[in-house]
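A short write-up of the structure that comes next.
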DNA sequence: CGCCGAAGTGAGACTGAGTCTCAAGTAGGA
DNA sequence: TCCTACTTGAGACTCAGTCTCACTTCGGCG
């Protein structure tokens, strides 16, 4: 169930308009997502029913659920993750791991076209505004620990079941959580920059790791 | 919507059997949870309806939802978190932070009575077996980053909005994620030991942080 | 061009979660 | 013992998500 568009440079069979059918489907999907995000923002997530979204996009409720298995998936399903993965793989060999992660975030975000970036920002906004969505995004979005671990294992040339790999993967996920909290507290900070800053801090070791506890 | 019981040290009105009513409620809640966990394990989470649980515990569906706002909450609502927090606060001053976290996990778990520990193990089992529950547990269980941050801030005597505090809190949460992955891969490892081992690794710095990437 | 199979769509039934209201039962204090 | 406040059960209601079935439309092929 990888919907994907893949966007590889030349003669990509995925991008080639494989007939009217495919183009129609892509348009319907985009319309559904566009209206859904608009409605979520205007009325709130819970107050927007699948019927509302379907009606706004002028399709039936059945069709809505055919495109998005759950209402949450409208927010969650992004074509963005693969972009970040690709960016990660594109980081030149020899880059220190955490820096590679941080740089691939920047590069990935920078490589989004305007439409995708706008959509991504609406998603982030929703994640910040509506706790319900934030929770689901944190859980399912972008990458789970296992997934991160697999990427990191490949990146540093270690086996996938290496314990240290899993630990760093956990740390990277934890860094994302921390960045989200920090951005939530001060929305003026960009997410990408905050995440990069957290990773930078961490590459010098875990702060406060040995800080002695004080009487409480 | 904090249902909680607060557990303050002396003459706790929450702990004192405040009459028949309170005891009945506690019993009903425990029965509901007991039957729910049994049914989830036997039939699976999705295949168990709220009606099933209510019927098994011999109350009405309404009553079930009065005790547990959602079906998931039966798994999630634990009386265990406060125990860990208390254990954390009880760690003697001067202990290095990550060690304090690790030790409070052990101490908290050790201080559970048999019934609670058994329940906790069923919950962990469910989290491992049923991805659906694992996801929710990871998200809502035990402590969110903000909560961990608040505890850590207090423990090291820093302001709650200290950025480093948030970063460590993220790392601790990440360590939990990593431990869960490791335990999932090798269920023979105990969760507590694994978590402690991850924290120990981390107190020496983030592993592989500067490992150079290799060509992919 | 016209036919046929496959894919996409809409209508609507159905299950189950979660909310709400109301009436009846019960604990516990006066 | 009686009154009040809390708790419960019954059942209606909304909405998510699944499924089936009939209808339409695309697109290939003779």
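Chains as they are written, first to last, in this note's numbering: chain A, 5 to 220; chain B, 5 to 220. By construction, the Cβ of each residue, glycine as well, lies at the ideal position given by its N, Cα and C atoms.
Output the boundary residues of the alpha helix (DSSP H) element that contains residue i.
i: residue 77 of chain B; result: 75 to 80
i: residue 56 of chain B; result: 54 to 60
i: residue 173 of chain A; result: 167 to 189
i: residue 207 of chain B; result: 195 to 207
i: residue 40 of chain A; result: 24 to 47
i: residue 157 of chain A; result: 149 to 160
i: residue 217 of chain A; result: Premise fails: residue 217 of chain A is in no alpha helix (DSSP H) and is neither H nor E.
i: residue 72 of chain A; result: First-last for residue 72 of chain A: undefined, no H or E at that position.
Of all Cβ atoms in chain B, is any one closer than 8 Å to the Cβ of residue i?
i: residue 219 of chain A; result: yes
i: residue 197 of chain A; result: no
i: residue 91 of chain A; result: no
i: residue 134 of chain A; result: no
i: residue 185 of chain A; result: yes
i: residue 63 of chain A; result: no
i: residue 87 of chain A; result: no
i: residue 182 of chain A; result: yes
i: residue 158 of chain A; result: yes
Buried or exposed, going by whether 16 or more other CB atoms sit within 10 Å of the CB of residue i?
i: residue 191 of chain A; result: exposed
i: residue 211 of chain B; result: buried
i: residue 31 of chain A; result: exposed
i: residue 122 of chain A; result: exposed
i: residue 50 of chain B; result: exposed
i: residue 220 of chain B; result: exposed
i: residue 23 of chain A; result: exposed
i: residue 64 of chain A; result: exposed
i: residue 180 of chain B; result: buried
i: residue 66 of chain A; result: exposed
i: residue 198 of chain B; result: buried
i: residue 107 of chain B; result: buried
i: residue 215 of chain A; result: buried
i: residue 97 of chain A; result: exposed
i: residue 114 of chain B; result: exposed
i: residue 138 of chain A; result: buried
i: residue 174 of chain B; result: buried
i: residue 61 of chain B; result: buried
i: residue 87 of chain B; result: buried
i: residue 202 of chain A; result: buried
i: residue 25 of chain B; result: exposed
i: residue 208 of chain A; result: exposed
i: residue 169 of chain A; result: buried
i: residue 221 of chain A; result: One cannot answer for residue 221 of chain A here, as it falls past the ends of chain A, which runs 5 to 220.
Reducing DSSP to helix, strand and coil, say where residue i ends up.
i: residue 100 of chain B; result: strand
i: residue 86 of chain A; result: helix
i: residue 113 of chain B; result: helix
i: residue 91 of chain A; result: helix
i: residue 164 of chain B; result: coil
i: residue 137 of chain B; result: helix
i: residue 131 of chain B; result: helix
i: residue 3 of chain B; result: Any answer about residue 3 of chain B is impossible in this case: the structure gives chain B only from 5 up to 220.
i: residue 63 of chain B; result: coil
Measure from the C-beta of residue i to each C-beta in chain A and report whether the shortest distance is under 8 Å.
i: residue 79 of chain B; result: no
i: residue 57 of chain B; result: no
i: residue 106 of chain B; result: no
i: residue 95 of chain B; result: yes
i: residue 177 of chain B; result: yes
i: residue 150 of chain B; result: yes
i: residue 153 of chain B; result: yes
i: residue 173 of chain B; result: yes
i: residue 102 of chain B; result: yes
i: residue 21 of chain B; result: Only weak support is given to the placement of residue 21 of chain B: the predicted model assigns it a pLDDT of 49, under 50, and the question is left unresolved by the model.
List, in order along the chain, the chain A residues whose C-beta lies closer than 8 Å to that of residue i?
i: residue 168 of chain B; result: 205, 211, 212
i: residue 165 of chain B; result: 189
Can you pull the chain B neighbours of residue i, defined as C-beta to C-beta under 7 Å?
i: residue 99 of chain A; result: 216, 217
i: residue 41 of chain A; result: Those do not exist, as residue 41 of chain A stays about 22 Å from chain B at its closest Cβ, beyond 7 Å.
Which chain A residues sit within Cβ distance under 7 Å of residue i?
i: residue 48 of chain B; result: What residue 48 of chain B touches in chain A: nothing, since even the nearest Cβ is about 19 Å away.
i: residue 161 of chain B; result: 218
So which residues of chain A does residue i contact, with C-beta pairs closer than 9 Å?
i: residue 116 of chain B; result: None at all; the shortest Cβ gap to chain A is about 22 Å.
i: residue 202 of chain B; result: 167, 170, 171, 174
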